[in-house]
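Residue numbering for the sequence shown follows UniProt numbering, beginning at 1 and increasing consecutively.
Don't be surprised by glycine CBs; every beta carbon is placed ideally from N, CA and C.
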Amino acid sequence: MRSTTRERDGATVWDVAPPARPSRVAGVGMAGFRDRGSTSGGHRVIPHPAVTLVLEFGTGPLIVDAAAGRQHRGSLVAGLGFGGGSRVRGEHFEAVQVRLSPLVARAVLGISPADLDGAVVALDDLWGREALRIREQLGDVSSWADRFALIDALLARRSQARSSVDPEVAWAWHRIVACHGRVRVDRLAAEVGWSRKRLWSRFQSQIGLPPKRAVRLVRFDHAAHRLVAGGDAAGVAADAGYADQSHLHRDVAAFAGVTPAALTGEPWLAVDDIAWPTHA
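Right, here's the structure in full:
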């Protein structure tokens with residue numbers, strides 16, 4: 001396991017620690033983050049096609065200023081595609097961030113992604129005293145390797161609940177992700193043998209987004225990482241399946257609240273190749 005400090009404009013942003021091996025639970029990725037007191041102004045949250053579980057510990061609180069004006073402190077769960085102007089800040093916090101495929105989120109969390117509705121919920125409200133117990137356990141171990149092992153065992157135990165996702169919905173989600181959002185909803189419906197209306201209803205109730213919104217989110221995520229990797233906007237727009245560059249600008253503004261040029265400098269995306277190397 002390695003820990004890397006990422007910088008922006010000469011100031012330390014986060015120390016990032018990826019695990020040495022994948023989680024034993026399919027559809028789960030995790031990484032460790034340590035702040036060095038530089039995020040008091042906050043960093044913009046960039047939406048991602050996963051449900052996010054943040055297990056916070058350390059000497060200072062992790063604070064999320066949600067776009068709706070609500071503030072959240074400590075461990076939390078964020079719904080699929082959460083972001084849209086929200087910011088993360090705090091001083092001297094440490095946290096394990098877990099990205100959950102919406103296919104396993106309900107089994108792990110005990111709540112459907114649809115019930116989250118893209119918002120943030122305090123983990124205390126979902127798990128009660130278990131959330132406090134996990135925080136204490138994370139603080140008692142001294143290495144990231146031990147923290148990852150602790151969280152992985154927790155996720156494996158909680159994920160043993162039977163999946164509530166229809167095989168057709170799971171197939172459609174995998175198809176959307178595999179083709180980076182370059183697929184039409186009516187084609188997905190035809191491929192699983194459902195009507196468009198049935199796919200729309202089942203997908204939204206089980207994944208947490210309507211399929212068209214999920215397609216846009218996955219396509220945006222792919223394009224955003226291509227931009228951060230140095231791709232020009234016109235080339236990225238064509239590769240990602242946008243009708244033209246203006247449609248890419250529209251989606252970047254809708255999901256991230258910035259222009260494609262500004263998106264490439266966001267710390268949230270700058271650490272992705274370290275925290276989530278399999279994604280990169």
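Run of the alpha helix (DSSP H) containing residue i, from where it starts to where it stops
| i | result |
| --- | --- |
| I274 | D272 to A275 |
| E94 | Unbroken run through E94 is the beta strand (DSSP E), F93 to L100; no alpha helix (DSSP H). |
| V258 | Here V258 belongs to no alpha helix (DSSP H), and DSSP marks it neither H nor E. |
| R187 | V185 to V192 |
| A114 | P113 to L116 |
Cutoff 8 Å; reference residue i; Cβ partners in own chain excluding five residues on either side
| i | result |
| --- | --- |
| A234 | Q245 |
| A114 | Q204, S205, Q206, I207 and G208 |
| D124 | G74, S75, A131 and L132 |
| V120 | V64, A66, R70, H72, L76, V77, A78, G79, F82 and S86 |
| G27 | L100, S101, L103 and V104 |
| G231 | D239 |
| P47 | G81, F82, G83, G84, L217, F220, D221, F255 and A256 |
| L263 | I46, A224, L227, V228, V252, A256 and L269 |
| H43 | V13, R87, V88, R89, E266, P267 and W268 |
| R162 | A107 |
Contacting residues, own chain, Cβ-Cβ under 6 Å from residue i (five flanking each side not counted)
| i | result |
| --- | --- |
| A237 | Q245 and L248 |
| F82 | G118 |
| G257 | G85 |
| residue 306 | Past the boundaries of the shown model lies residue 306; the chain is included only from 1 to 280, so the question cannot be answered. |
| L217 | P49 and G81 |
| R8 | Low per-residue confidence applies at R8: pLDDT is 45, beneath 50, and the placement is therefore not dependable, though the value from the model is reported in the following sentence. For R8, where only same-chain residues beyond five positions count, the Cβ hits under 6 Å are P267. |
| R106 | S112 and S164 |
| G181 | V215, V218 and R219 |
| V185 | P211 and K212 |
Candidates the options: closest to residue i by CA position
| i | options | result |
| --- | --- | --- |
| R21 | T59, V192, A149 and D125 | A149 |
| S142 | E266, F57 and R70 | F57 |
| L154 | D15, M30 and A17 | M30 |
| V25 | R70, S159, R175 and E266 | S159 |
| I134 | L116, V104 and G74 | G74 |
| R213 | P19, R36 and P49 | P49 |
| G265 | V165, H180, L100 and A229 | A229 |
| F255 | V45, Q97 and K197 | V45 |
| L269 | R250, F220, D239 and A240 | F220 |
| V183 | P211, S195, V169 and G193 | P211 |
| P61 | A68, R34 and T52 | R34 |
| R226 | W200, A261, A253 and R250 | A261 |
| S201 | G181, A161, A223 and D166 | D166 |
| G139 | E94, S163, V169 and S195 | E94 |
| T259 | I274, D272 and A224 | A224 |
| L53 | H222, A170 and G32 | G32 |
| A170 | A161, L188, A156 and R157 | L188 |
| E91 | V185, D186 and R36 | R36 |
| E136 | R89, D272 and L55 | L55 |
| W127 | V96, H43 and L109 | L109 |
| W144 | V185, V96 and R106 | V96 |
| V51 | L116, P19 and I274 | L116 |
| V98 | R147, T59 and A68 | R147 |
Close-in-space but distant-in-sequence residues of the same chain around residue i (CB under 7 Å, 5 per side omitted)
| i | result |
| --- | --- |
| Y242 | L248 |
| V192 | E168, W171, A172 and L199 |
| A178 | none |
| S195 | A189 |
| G10 | Unreliable positioning characterises G10 in this predicted model, as indicated by a pLDDT of 36, which lies under 50. The coordinate reading is nonetheless provided below. Correct list: empty, nothing qualifies. |
| A156 | R24 and V25 |
First through last residue of the beta strand (DSSP E) which encompasses residue i
| i | result |
| --- | --- |
| G90 | R87 to G90 |
| A233 | Per DSSP, A233 belongs to no beta strand (DSSP E); it is in the alpha helix (DSSP H), A233 to A240. |
| residue 334 | The structure shown does not extend to residue 334, since the chain is modelled only from 1 to 280, so the question has no answer here. |
Cβ of residue i within 8 Å of any chain B Cβ
| i | result |
| --- | --- |
| H222 | No chain B is present in this structure, which holds just one protein chain. |
Heavy atom of the ligand NAP within 7 Å of residue i beta-carbon
| i | result |
| --- | --- |
| R21 | Here there are no bound small molecules, and the ligand NAP is not part of this structure. |
Inset, instruction - Please specify which runs of the beta strand (DSSP E), each continuous and at least 3 residues long, are wholly inside the region 4 to 79, giving them in chain order. - result: If we require 3 residues or more, the beta strand (DSSP E) runs fully inside the region 4 to 79 come out as 4 to 8, 11 to 17, 28 to 35, 39 to 44, 51 to 58, 62 to 65, 71 to 73 and 76 to 78.
Legend entry - At least three beta-carbon pairs within less than 8 Å, the region 163 to 181 to the region 67 to 80: Contact between the region 163 to 181 and the region 67 to 80 is not established, with fewer than three Cβ pairs separated by less than 8 Å.
Inset, instruction - Please go through the region 132 to 181 and give each complete alpha helix (DSSP H) segment of 4 or more residues, from N-terminal end onward. - result: Those alpha helix (DSSP H) runs which fall completely within the region 132 to 181 and span 4+ residues are 144 to 158 and 167 to 178.
Legend entry - Length at least 4, wholly inside the region 197 to 228: the alpha helix (DSSP H) runs in chain order: Runs of the alpha helix (DSSP H) inside the region 197 to 228: 211 to 228.
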